[in-house]
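In my numbering, the protein residues as written are 427 to 681.
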């Protein structure tokens, strides 16, 4: 079984990707803390989803840190001010260098942990320059050369859309994922658990989580997913994808 580092945000796309990768790979979820306003809610969502999935091929989350505030300054993703609304253009959602930084720091971790694959949950409609297949191939080559360690960047969902993913993975606890640029809740600097895994119970060395398979929606009780603001661009994208998919949306929207 090969090893793969999966960029995991607690969002719907990357959460589904974790479940898919675990079918035939040993998965190392990587969350890169960059100082963005939604990170506390994202990390809690990621831990809840993984606990519900209980997939033994998925390792505990590795948290890396690359603060971007000094780089992108007063960008809305750092300040939480003027968060793009429901119909904001793609250009307003762009975070400069986002994938460049996430993949770069993850590749260094991979080179020191004998992992040669990095999986990114980028969808087919992603318009940003650091989410194209050309970028992933070129950047993978650069990182491989610079690290002296082969790095292959994979984007398994590049040819798919969010509605299709929801439809094909409706048995997963998707209500536990977070797709919101302005999640309500405690301040982002609220204390975390002592291990740095928000809300996560420690897993003893050498033990595995029990095997669990997705439960059909009709038989699965509603779980405590994160609240979504309901007003931002990302919430609208999520809401419309569920509507298009025909799958019941168990997400909690405040607006």
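Don't be surprised by glycine CBs; every beta carbon is placed ideally from N, CA and C. It should be emphasised that the depicted structure is a prediction, and the values quoted were computed from it without experimental measurement.
One thing to note: residue 660 has its Cβ no nearer than 8 Å to the Cβ of residue 439. Under the Cβ criterion (8 Å, minimum of three pairs), the segment 430-447 does not count as touching the segment 491-510.
For the alpha helix (DSSP H) assignment, the uninterrupted runs of no fewer than 4 residues enclosed by the segment 456-498 are, from N- to C-terminal side, 465-479 and 495-498. The beta-carbon distance between residue 431 and residue 454, rounded to whole angstroms, is 5 Å. This is short enough to meet the 8 Å contact definition.
Approximately 5 Å separates the beta-carbon atoms of residue 658 and residue 608; this is inside 8 Å, confirming the contact.
The criterion of a C-beta distance shorter than 8 Å is not satisfied by residue 518 and residue 604. In this structure, the alpha-carbon of residue 427 lies about 19 Å from that of residue 538. CA-CA distance, residue 671 to residue 449, rounds to 24 Å. Under the three-state reduction of DSSP output, residue 568 falls in the helix class.
Around the Cβ of residue 473, a 10 Å sphere holds 16 or more other Cβ atoms; the residue is buried.
Of the other Cβ atoms in all chains shown, 16 or more fall within 10 Å of the Cβ of residue 601; this residue is therefore buried. Nearest C-alpha to residue 677 among 524, 471 and 488: 471. The alpha-carbon separation between residue 584 and residue 447 amounts to approximately 15 Å. The Cβ atoms of residue 442 and residue 598 lie closer than 8 Å to each other. Between the alpha carbons of residue 489 and residue 566 lies a gap of roughly 21 Å.
Under the 10 Å beta carbon count, residue 541 is surrounded by 16 or more other beta carbons and is classified as buried. Bounds of the alpha helix (DSSP H) holding residue 530 are 524-538. Distances from the alpha-carbon of residue 582 to those of 547, 522 and 595 put 547 closest. As DSSP reads the structure, residue 654 sits in a beta bridge with 679. Counting only the Cα atoms, residue 475 lies some 22 Å from residue 529. Bridge pairing for residue 451: 428 [DSSP].
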